[in-house]
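Undergrad: Sequences listed follow chains W and G, in order.
Each step along the first sequence adds one to the number in the working numbering, with nothing skipped, and position 451 is 451.
Each step along the second sequence adds one to the number in the working numbering, with nothing skipped, and position 8 is 8.
Number of protein chains: 2
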Amino acid sequence: MKQKNIHSPAFKRITVTDPLFSHYTSIVAEKLIPYQWNVLNDCEPDTEKSFCVANFRIAAGEMEGSHRGMVFSDTDLYKWIETLAYCLERGEALEYKAHAEEMIELISRAQESDGYVNTYFSVNCPDRKWTNFTEGHELYSAGHLIEAAVAYFHATGNRHLLEVACRFADLIYIKFTSGGEFENACPGHQEIELALMKLSDCTGEKKYADLARHFLAVRGNSSRFLEKNLRDQGRNRIFPEFADYDARYAQSHLPPAEQTTAEGHAVRAMYMFSAMADVARTYGDDALVESCVRLWNNLTQKRMYITGGIGSSGYLERFTVDYDLPNDRMYCESCASVGLMMFGQRMAALTGDATYYDAVELALCNTVLAGIAAEGDKYFYVNPLEVWPDNCLTGTSMAHVKPVRQPWFACACCPANIARTLASLGQYIYAQDEKSVYINQYISSELCSDVRGAEISIKLHSDLLTDGKIQILIGSDKSQPFTLRIRIPSYLKNPAFLFNGKAITPVIENGYAVIAISREGEQVLEMQGSVAPNWMAANAKVRADAGKIALMYGPYVYCFEEADNGSGLPLLYASGSSCAVPDAPAEGLPGSMPTLVVQGKRLDSGVGDALYGSPSFRLSDVELKAVPYALWCNRTPGEMIVWLNAVVP
Amino acid sequence: MKQKNIHSPAFKRITVTDPLFSHYTSIVAEKLIPYQWNVLNDCEPDTEKSFCVANFRIAAGEMEGSHRGMVFSDTDLYKWIETLAYCLERGEALEYKAHAEEMIELISRAQESDGYVNTYFSVNCPDRKWTNFTEGHELYSAGHLIEAAVAYFHATGNRHLLEVACRFADLIYIKFTSGGEFENACPGHQEIELALMKLSDCTGEKKYADLARHFLAVRGNSSRFLEKNLRDQGRNRIFPEFADYDARYAQSHLPPAEQTTAEGHAVRAMYMFSAMADVARTYGDDALVESCVRLWNNLTQKRMYITGGIGSSGYLERFTVDYDLPNDRMYCESCASVGLMMFGQRMAALTGDATYYDAVELALCNTVLAGIAAEGDKYFYVNPLEVWPDNCLTGTSMAHVKPVRQPWFACACCPANIARTLASLGQYIYAQDEKSVYINQYISSELCSDVRGAEISIKLHSDLLTDGKIQILIGSDKSQPFTLRIRIPSYLKNPAFLFNGKAITPVIENGYAVIAISREGEQVLEMQGSVAPNWMAANAKVRADAGKIALMYGPYVYCFEEADNGSGLPLLYASGSSCAVPDAPAEGLPGSMPTLVVQGKRLDSGVGDALYGSPSFRLSDVELKAVPYALWCNRTPGEMIVWLNAVVP
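1. Please report the straight-line C-alpha distance between VAL164 (chain G) and ILE104 (chain G), rounded to a whole angstrom.
2. Classify ILE418 (chain W): buried if its beta carbon has 16 or more other beta carbons within 10 angstroms, exposed otherwise.
3. From ASN565 (chain W) to MET552 (chain W), what does the alpha carbon distance come to, in whole angstroms?
4. Could you spell out the range, first to last residue, of the alpha helix (DSSP H) harbouring PRO19 (chain G)?
5. Could you say if the region 575–586 of chain W and the region 491–511 of chain G meet the contact criterion of at least three C-beta pairs nearer than 8 Å?
6. Alpha carbon to alpha carbon, how far is PRO403 (chain G) from GLY614 (chain W)? Give it in angstroms, no decimals.
7. Where in the region 395–442 of chain G do unbroken runs of the beta strand (DSSP E), each at least 3 residues long, occur, reported from the N-terminal end onward?
8. Would you please state the rounded distance, in angstroms, between the beta carbons of ASP621 (chain W) and ALA540 (chain G)? I believe it to be under 8 Å.
9. Between ASP433 (chain G) and SER8 (chain G), what straight-line distance do the alpha-carbon atoms span, to the nearest angstrom?
10. Would you mind listing the alpha helix (DSSP H) stretches within the region 103–175 of chain W that are 4+ residues and don't spill past its ends, in chain order?
11. Excluding the 5 residues flanking ILE192 (chain W) on each side, which residues of the same chain have their C-beta closer than 6 Å to its C-beta?
12. Establish whether the CB of MET276 (chain G) and some CB of chain W are separated by less than 9 Å.
13. Please say whether LYS129 (chain W) and TYR116 (chain W) have beta carbons closer to each other than 9 Å?
14. Measuring straight from C-alpha to C-alpha, what distance separates ALA195 (chain W) and TYR208 (chain W)?
15. Does the CB of LEU316 (chain W) have a neighbour CB from chain G at under 9 Å?
16. Just by C-beta distance, which residues in the region 515–540 of chain W are closer than 8 Å to chain G?
17. Using a beta-carbon distance below 9 Å, is ILE306 (chain G) in contact with chain W?
18. In terms of residues, what are the limits of the beta strand (DSSP E) holding CYS335 (chain W)?
19. Considering GLU89 (chain W), what are the terminal residues of the alpha helix (DSSP H) in which it resides?
20. So for ASP210 (chain W), helix, strand or coil by DSSP?
21. For chain W, is any of its Cβ atoms less than 9 Å away from the one on SER397 (chain G)?
22. Name the chain W residues whose beta carbon is nearer than 8 Å to that of ILE549 (chain G)?
23. Can you pull the chain G neighbours of ALA646 (chain W), defined as C-beta to C-beta under 7 Å?
24. Could you work out which residue in G:LEU631, G:LEU161, G:LEU77, G:ALA250 is closest to SER50 (chain G) when comparing CA atoms only?
25. So which residues on chain G does VAL293 (chain W) lean against when the C-beta distance must stay under 9 Å?
26. Please state if the CB of GLU290 (chain G) and the CB of ILE310 (chain G) are separated by a distance shorter than 9 Å.
27. Measuring alpha carbon to alpha carbon, tell me which of G:GLY188, G:SER122, G:LYS4, G:ILE458 ends up nearest SER445 (chain G).
28. Tell me whether the beta-carbon of LYS79 (chain G) lies closer than 9 Å to the beta-carbon of ALA169 (chain G).
29. Return the first residue and the last residue of the beta strand (DSSP E) that ALA646 (chain W) is part of.
30. Taking a cut of 8 Å between CB atoms, which residues from the region 574–598 of chain G lie near chain W?
31. Taking only beta-carbon positions, decide if ASN391 (chain G) is within less than 9 Å of chain W.
32. From TYR305 (chain W) to TYR612 (chain G), what distance separates their C-alpha atoms?
33. What is the DSSP secondary structure of TYR35 (chain G), reduced to helix, strand or coil?
34. Which residue from W:ALA546, W:LEU572, W:PRO389 puts its Cα closest to that of LYS625 (chain W)?
35. Would you verify that the beta carbon of LEU302 (chain W) is, or is not, closer than 9 Å to some beta carbon of chain G?
36. Listed from N- to C-terminal order along the chain, which residues in the region 205–228 of chain W have their beta-carbon within a distance smaller than 7 Å of any beta-carbon of chain G?
Structural data, given as structure tokens:
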């Protein structure tokens, strides 16, 4: 296939104005950066210690002690720098720039003379470097270092961290492409592959892309590298749960190009699939493209929650089988949905097909937003579609499900991943290639960019949820023609277009309405369709949702909380033909998302106080109120449910 | 309260004639004893090695090597001897008596000079005896040795194993009742307490009962013995999953007499509760009686599955909170239901109240029977109420649920526990005290016993399921008066009585119909009531069963299998007012239990191949067939479900 060259505009030229999303994006600079800075430095009160900066000081020889925290704790600092870079690029959180540069100096002092950076191995067990690929996370951590370095360079022009990252990447290149004992070595947790693609783009050095491609090429080959490597650890293991390690867990059961189903640990899978899409695009590798399409289809058509959540097994945070989507005990990690956004964005860039953004939008508008509190200071790692706080008990099989967001975890991947996603949100809204600007998400915002030498501006104002209407002001300083491609979301019915006040019928191509822009000055494009609250049902094979319905409004899944509907939510029924009426936003929730009011039913089984008894079912009328899933658990905590029982004929 | 002196008649004088149960009881002698003998000796092909007998040979100094298998693997041999004892007592499996005595000799040679018996500690780490109470299972294993010894003595009069057990119990008595470092020591897995009560009954030695009482008295006291003991192990631990250890797990969060809810590991809880009931009865301890009643009520009225299964968390096989009864991911260990039978039997013995046998009957007729294959050679440890074979995957949170019975597990508690229960089934059918004979279960059978010097016989013929009728032939060789107390099961409606052909209206006392028998010769008592298939619903707080119904026929829960109803069982609906019509037994299942035929519905959500879409629900008529849960998975394996969606008005 012909490869596309679709990329993101510079973040500094995108401003989010949407009331809901700007609430969250501004929280990143105002609250998350300071909060996470304190956590990294172990000076946030009442929060689990991260030891992160201390580990770097020890590695740099400036402090005594041994490494503490998770083996991959370095990545907390890297993701903080990456997130800060996106803020700095937009002129925010400038007061943290000095801290970032101090940290970059520290990282460079913690780098060993050969380029190696990893505080766990440098400090605690230098003799065990590059021995434990399944558990050690060295290449994973290197990947986050590279991503931070690229972001920081783009944002500030400061090359120091980029140099650190390149020295490390050069070491890794030599180590892993020179044959010998590492001939078939690949990371136990993917991440470096997509980072190397960014580094190659940023530096123009093809060898970094070659290394990413190499790591994908040797993965899952007949050497069974990772399985052997874990066996080689004997009893000297880092993660006891890896007793159940299987090749699928780390997507090394088959070569990536031959994989057909989304398997194993969901975050690992998403990072690998993202890299596969990048490598496929860069090298024009059709086999890899086909594999990406197959995996995407399996993922989004058989293994994804309606919220864009993924990972059905709480244990080992992994995929299970097609249509296995339990609502209360799954994992649905926030990071996995961030990874789904990354994969979808890359698939759209690879194919020019807008429909990939449907799942990106689901993940963003539901699971990723739900992952962070309205106040920005607490997070969900696990994003259930049904919660009963009483049974979320430590020491049981529900221990991983938390009924309220948590301040900071020892394994701090999700807060940082959500933060960097929100800080760089513009990349999911806009894209461009040589001659087109793409609008992929209907999040009100502004873009300035350069297309074919013309300085263009886009002002996107979206009232999609309230009146199904989008207005786009397009400005250009030249009469240089370009194409505006605006995604038609799957939930927008009967879209009609007005261009400068005149009805037009644009060509629809790959899910985009294609509008030719050819004159300078300001022009107005309007898209008007209908977006109504909508009941959804699941495929008959999804056992967990049999006979159930969920409420959506555009891309937003709605849920029913105890705060609005009392307890005992599994006793609620609604008809799939009943109306859900938009009502005033719930007090205390950010943005201005409407609530939805439904005339529903509540079941009384007639059993009374007995545990079991003869049924005498009675339904009584109740008015139900739903709020966006993205905003759940921002008021009085309690039960929550997405899928209601359907009244069936 | 006035303590009762209700006990079991000698097993040798009870013969089970019921077609279903005699199938299983005869399997014990014919198949389980030989099969398990081979497994214990590691000569059963295609079965995981137990190392059990080999460990004893090594401990006896007759073989080289170290202990292999679980730390409590000795109990596999003890439970085999106990089970065989019950068979021998009834004149079955006589050809294994020589093997048993050979094993008893071996155990006595493996006993150390001070009386200590435990092959794991004797062989692998003699310096660590009595150091690891939370994980080491030394007292647990001692308990099973004692139970085997008592059973073997009762069956054969052979005192050898009883002497081994007494020497060990004497050692334990001195060790744990002399103050000092073991002042507050108690077992991490209860079992020895109820065994010591049996040993005290058998030998007349009060000190063994005192020791049982002591272990209950120090448990959960302010010394926090078990928690400290686990901490003392440091990283030198046996079970990695004990990282999550909490005092509730082993019911040491409070003194037993103060506990109000069934907590922690379900088998540990049942063994402890059973011992509490025994100790309460023996010592007339009213506080302990009250605690037993509270715990029983919590257990059976808030934390028990309709199948008599218990233990809602797959992880750590434990209780969670009231009304948390998920159907697919729970544990519901076969051993826990055996333990529930033990506890209920003791509560009835303590109080003289027949209603305790309702839950005993549920556990027996559903979970315990389901735990063993019709052929007797495969077992369920976990007894789900809903199974979808596709998602029972290793390395996921459903790994503990097996869609088909397994041949033998490394942790071989369940097969042996089911075997000893079936081999001693008579104890649950009949009981007696000074002047009464109790009929507690309607399993056709015959009893001969001695009551107040008279030789009496009971021939119980039960057609409860087919025509609600029970006939009891009572014979006595003297005109010595005694009382026959026959339990009126909760599911038997409008029972009427004929005594020697004449209608009588017996007094009903504690759930028993009380019939005075005063003359010699044969008399006939008939009880006739109605037992019809019955839909049941759960308490509104049981979220997993909201809007669902289950089918029962007498004490038997019925289930719907893929073999009869196709796949996609969660799409089935039935009305709680629909009739379930008894039909011919399913081919290939033991006994002659009828199937039940229901006119039900199957839902089509109208979503087609998409993962999510607009609902267009349609119900179509289907004839559904249910089989007893006890017999599920004895034909073509597949999906199974107990709770169907209810068609609600």
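C-beta atoms are modelled at their ideal positions from N, C-alpha and C, and glycine is treated no differently.
Being a predicted model, the structure only gives us computed values, none of them experimental.
TA: Looking at the atomic coordinates:
1. The residue you call residue 164 (chain G) lines up with position 164 of the second sequence. The residue you call residue 104 (chain G) lines up with position 104 of the second sequence. In this structure, the straight-line span from the alpha carbon of VAL164 (chain G) to that of ILE104 (chain G) is close to 9 Å.
2. As a working note, residue 418 (chain W) is residue 418 in the first sequence. Buried, because 16 or more other Cβ atoms sit within 10 Å of the Cβ of ILE418 (chain W).
3. On the first sequence, position 565 is the one that residue 565 (chain W) refers to. On the first sequence, position 552 is the one that residue 552 (chain W) refers to. Approximately 18 Å between the Cα atoms of the pair.
4. As a working mapping, residue 19 (chain G) is identified with position 19 in the second sequence. 19–27 is the extent of the alpha helix (DSSP H) around PRO19 (chain G).
5. No, the region 575–586 of chain W is not in contact with the region 491–511 of chain G.
6. Residue numbering aside, residue 614 (chain W) sits at position 614 when the first sequence is read from its first letter. Residue numbering aside, residue 403 (chain G) sits at position 403 when the second sequence is read from its first letter. According to the sequence as given, residue 614 (chain W) is Ser; it is not Gly. Distance between the alpha carbons of SER614 (chain W) and PRO403 (chain G): 30 Å.
7. 430–432, 436–439, all fully within the region 395–442 of chain G.
8. Translated into positions along the first sequence, residue 621 (chain W) becomes position 621. Translated into positions along the second sequence, residue 540 (chain G) becomes position 540. Contact annotation, ASP621 (chain W) with ALA540 (chain G): C-beta distance approximately 17 Å; criterion of less than 8 Å not satisfied.
9. Taking the second sequence and counting its residues from 1, one reaches residue 433 (chain G) at position 433. Taking the second sequence and counting its residues from 1, one reaches residue 8 (chain G) at position 8. One alpha carbon belongs to ASP433 (chain G), the other to SER8 (chain G), and they sit about 9 Å apart.
10. Counting whole runs of 4 or more residues, the region 103–175 of chain W contains the alpha helix (DSSP H) stretches 119–124, 138–156.
11. Taking the first residue of the first sequence as 1, we reach residue 192 (chain W) at position 192. Taking C-beta separations shorter than 6 Å and ignoring five residues to either side along the sequence, the partners of ILE192 (chain W) in its chain run LEU139, ALA142, GLY143, following chain order.
12. Translated into the one-based positions of the second sequence, residue 276 (chain G) becomes position 276. Interface annotation, MET276 (chain G): not in contact with chain W, CB-CB separation never under 9 Å.
13. On the first sequence, residue 116 (chain W) is found 116 positions in, with the first residue counted as 1. On the first sequence, residue 129 (chain W) is found 129 positions in, with the first residue counted as 1. The answer is yes: Cβ separation under 9 Å.
14. Walking along the first sequence from the start, residue 195 (chain W) turns up at place 195. Walking along the first sequence from the start, residue 208 (chain W) turns up at place 208. Taking the straight line from one Cα to the other gives about 9 Å.
15. Residue 316 (chain W) sits at position 316 when you count from the first residue of the first sequence. Closer than 9 Å: yes.
16. Here the close residues are ASN534, TRP535, MET536, ALA537, ALA538, ASN539, ALA540.
17. Residue mapping note: residue 306 (chain G) aligns to position 306 of the second sequence, counting from 1. By this cut-off, ILE306 (chain G) is an interface position.
18. Counted from its first residue, the first sequence places residue 335 (chain W) at position 335. For CYS335 (chain W), no beta strand (DSSP E) run applies; the uninterrupted alpha helix (DSSP H) run containing it begins and ends at 334–351, by DSSP.
19. Residue numbering aside, residue 89 (chain W) sits at position 89 when the first sequence is read from its first letter. Counted as a single uninterrupted DSSP element, the alpha helix (DSSP H) harbouring GLU89 (chain W) occupies residues 74–89.
20. Translated into positions along the first sequence, residue 210 (chain W) becomes position 210. Taken through DSSP and simplified to helix, strand or coil, ASP210 (chain W) comes out as helix.
21. To locate residue 397 (chain G), count along the second sequence from 1; it is residue 397. Judged by the 9 Å Cβ criterion, SER397 (chain G) is in contact with chain W.
22. As a working note, residue 549 (chain G) is residue 549 in the second sequence. Per Cβ cutoff of 8 Å: PRO615.
23. Start at 1 with the first residue of the first sequence, and residue 646 (chain W) comes out as number 646. Correct list: PRO615, PHE617.
24. For the purposes of this step, residue 50 (chain G) is identified with residue 50 of the second sequence, where counting begins at 1. Taking only the C-alpha atoms, the option nearest SER50 (chain G) is G:LEU77.
25. Against the first sequence, residue 293 (chain W) aligns to sequence position 293. Within chain G, no residue comes near VAL293 (chain W); the closest Cβ sits about 16 Å away, beyond 9 Å.
26. Within the second sequence, numbered from 1, the residue matching residue 310 (chain G) stands at position 310. Within the second sequence, numbered from 1, the residue matching residue 290 (chain G) stands at position 290. In this structure, ILE310 (chain G) keeps its C-beta atom at 9 Å or more from the C-beta atom of GLU290 (chain G).
27. Taking the first residue of the second sequence as position 1, residue 445 (chain G) is located at position 445. Check the Cα spacing between SER445 (chain G) and each of G:GLY188, G:SER122, G:LYS4, G:ILE458: the tightest is with G:ILE458.
28. By 1-based counting over the second sequence, the position of residue 79 (chain G) is 79. By 1-based counting over the second sequence, the position of residue 169 (chain G) is 169. Result no, Cβ atoms of LYS79 (chain G) and ALA169 (chain G) do not sit closer than 9 Å.
29. Within the first sequence, the letter at position 646 stands for residue 646 (chain W). Segment 644–646, the beta strand (DSSP E) holding ALA646 (chain W).
30. Contact residues of the region 574–598 of chain G toward chain W are GLY576 (C-beta to C-beta distance below 8 Å).
31. Reading the second sequence from its first residue, position 391 is the one you call residue 391 (chain G). Cβ-Cβ to chain W under 9 Å: yes for ASN391 (chain G).
32. Position 305 of the first sequence holds residue 305 (chain W). Position 612 of the second sequence holds residue 612 (chain G). In a straight line, the C-alpha of TYR305 (chain W) is about 9 Å away from that of TYR612 (chain G).
33. By one-based count along the second sequence, residue 35 (chain G) stands at place 35. Three-state result, TYR35 (chain G): helix.
34. Translated into the one-based positions of the first sequence, residue 625 (chain W) becomes position 625. By alpha-carbon distance to LYS625 (chain W), the top candidate from W:ALA546, W:LEU572, W:PRO389 is W:LEU572.
35. Here the question's residue 302 (chain W) lines up with position 302 in the first sequence. A small fix is needed here, since residue 302 (chain W) is Lys in this sequence, not Leu. So, interface residue.
36. Answer set for the region 205–228 of chain W: empty.
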